[in-house]
Amino acid sequence: GNSVTQMEGPVTLSEEAFLTINCTYTATGYPSLFWYVQYPGEGLQLLLKATKADDKGSNKGFEATYRKETTSFHLEKGSVQVSDSAVYFCALVEAGNMLTFGGGTRLMVKP
Amino acid sequence: ETGVTQTPRHLVMGMTNKKSLKCEQHLGHNAMYWYKQSAKKPLELMFVYNFKEQTENNSVPSRFSPECPNSSHLFLHLHTLQPEDSALYLCASSQASGAGEQYFGPGTRLTVT
């Protein structure tokens with residue numbers, strides 16, 4: 001079956017630091033890949049997505065590139081802010097199957 | 112209203128109470144989902160509805176009873192819950208089951224006393 005593996009958190013960074021959250025996946029076909037973000041006390045929000053190999057998803061300064069050769073979709077941001085503190089979920093979906101989530105990575109950004 | 116809305120946002124209930132959670136989506140989607148999010152546990156898919164028909168029930172106890180009267184509304188009826196059912200209950204929708212991204216509501220924080 002499909003699976004998504006994320007680095008365990010928490011990830012603690014100082015403001016303006018560079019962020020990378022690793023995500024690797026296992027799928028039988030050609031999935032679409034997503035990053036969701038969950039701020040404290042809220043639901044999950046779609047942050048970005050990529051639907052085919054070599055696509056780059058981007059939003060709010062965050063980026064992730066669909067790497068089929070390494071089955072990865074790592075999330076990056078060049079300069080994090082305190083307001084980016086949240087839990088980040090990597091996920092995939094293949095046609096006809098349910099969305100598969102990683103376990104989530106908590107990011108804490110200190111001023 | 113836009114997106115996916117859920118009411119109430121917070122709910123405290125005793126183990127003998129009966130209550131319902133409501134979800135409404137304004138996105139024109141045909142699939143709706145209930146998830147349970149507990150502290151330090153992965154997100155758990157509970158139920159899936161596609162075009163008002165239940166297509167998935169992931170071994171959820173019968174004290175949770177879903178209802179989907181139309182493609183825009185989803186309910187979760189609760190009765191005789193246990194303290195371990197305390198969690199954040201999230202509703203989501205997508206264009207169709209198993210297709211594309213899902214859009215989530217803000218969740219209902221449920222506490223069972």
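From first to last, the protein sequence lines stand for chains F and U. For what it's worth, our numbering labels the leading residue of the first sequence as 1, then goes sequentially. For what it's worth, our numbering labels the leading residue of the second sequence as 112, then goes sequentially. Just so it is clear, CB atoms sit at the ideal spot from N, CA and C, and this is done for glycine as well.
With a threshold of 9 Å between beta carbons, is residue i in contact with chain U?
i, result
"F/A95", "yes"
"F/S83", "no"
"F/S58", "no"
"F/G1", "no"
"F/S72", "no"
"F/K49", "yes"
"F/G9", "no"
"F/F62", "no"
"F/G104", "yes"
"F/Y25", "no"
Just to confirm, is the Cβ distance from residue i to residue j under 9 Å?
i, j, result
"U/S176", "U/L187", "yes"
"F/A76", "F/E63", "Note on residue identity: the sequence assigns Glu, not Ala, to residue 76 of chain F. Contact flag set, yes."
"F/A53", "F/Y36", "no"
"F/V4", "F/M108", "no"
"F/L47", "F/F34", "yes"
"U/F158", "U/N169", "yes"
"U/S182", "U/M143", "yes"
"U/L201", "F/L44", "yes"
Please report the distance separating the alpha-carbon of residue i from that of residue j.
i, j, result
"U/L156", "F/S79", "34 Å"
"U/F199", "U/T219", "The amino acid occupying residue 199 of chain U in the given sequence is Leu; Phe does not appear at that position. So the alpha carbons of these two residues sit roughly 6 Å apart."
"U/E195", "U/N141", "31 Å"
"U/T127", "U/Q193", "9 Å"
"U/P153", "F/F89", "10 Å"
"F/V93", "U/S204", "14 Å"
"U/Q165", "U/P172", "15 Å"
"F/A91", "F/A27", "11 Å"
"F/T15", "U/P180", "The question names Thr, but residue 15 of chain F in the sequence shown is Glu. Taking the straight line from one Cα to the other gives about 47 Å."
"U/P191", "U/T222", "One point to set straight first is that residue 191 of chain U is Thr, not Pro, in the sequence displayed. For U/T191 and U/T222, the distance between alpha carbons rounds to 13 Å."
"F/Q38", "F/T24", "20 Å"
"F/N59", "U/Q213", "17 Å"
Under 9 Å Cβ-Cβ, which residues of chain F neighbour residue i?
i, result
"U/Q206", "The premise fails here: U/Q206 is roughly 11 Å from chain F at the closest Cβ pair, so nothing lies under 9 Å."
"U/V159", "M98"
So with CB distances below 7 Å, who are the chain F contacts of residue i?
i, result
"U/P217", "E42, G43"
"U/A150", "Those within 7 Å of U/A150 in chain F number zero; the least Cβ separation is about 11 Å."
"U/A210", "A95"
Determine the chain F residues that contact residue i at a beta-carbon separation under 8 Å, and present them in chain order.
i, result
"U/Y214", "L46"
Does the CB of residue i have a neighbour CB from chain F at under 9 Å?
i, result
"U/E164", "no"
"U/E167", "yes"
"U/P119", "no"
"U/V203", "The identity of residue 203 of chain U in the sequence shown is Ala, whereas the question assumes Val. Chain F, which has a Cβ nearer than 9 Å to the Cβ of U/A203, makes this yes."
"U/V115", "yes"
"U/R174", "no"
Along chain U, which residues have their Cβ under 8 Å away from the Cβ of residue i?
i, result
"F/F101", "P153, L154"
"F/S32", "G211, E212"
Check your understanding: Is the segment 146-160 of chain U touching the segment 127-137 of chain U in the sense that three or more CB pairs, one from each, lie closer than 8 Å?
Key -> They do not touch, by the three-pair rule.
Review point. Are the segment 93-107 of chain F and the segment 118-132 of chain U in contact at 8 Å, needing three or more beta carbon pairs?
Key: Cβ pair count under 8 Å is below three, so no.
Practice item. Spell out a yes or no on whether the segment 201-218 of chain U and the segment 84-102 of chain F are touching, meaning 3 or more CB-CB pairs, one atom from each, closer than 8 Å. Key: Result yes; three or more Cβ-Cβ pairs closer than 8 Å.
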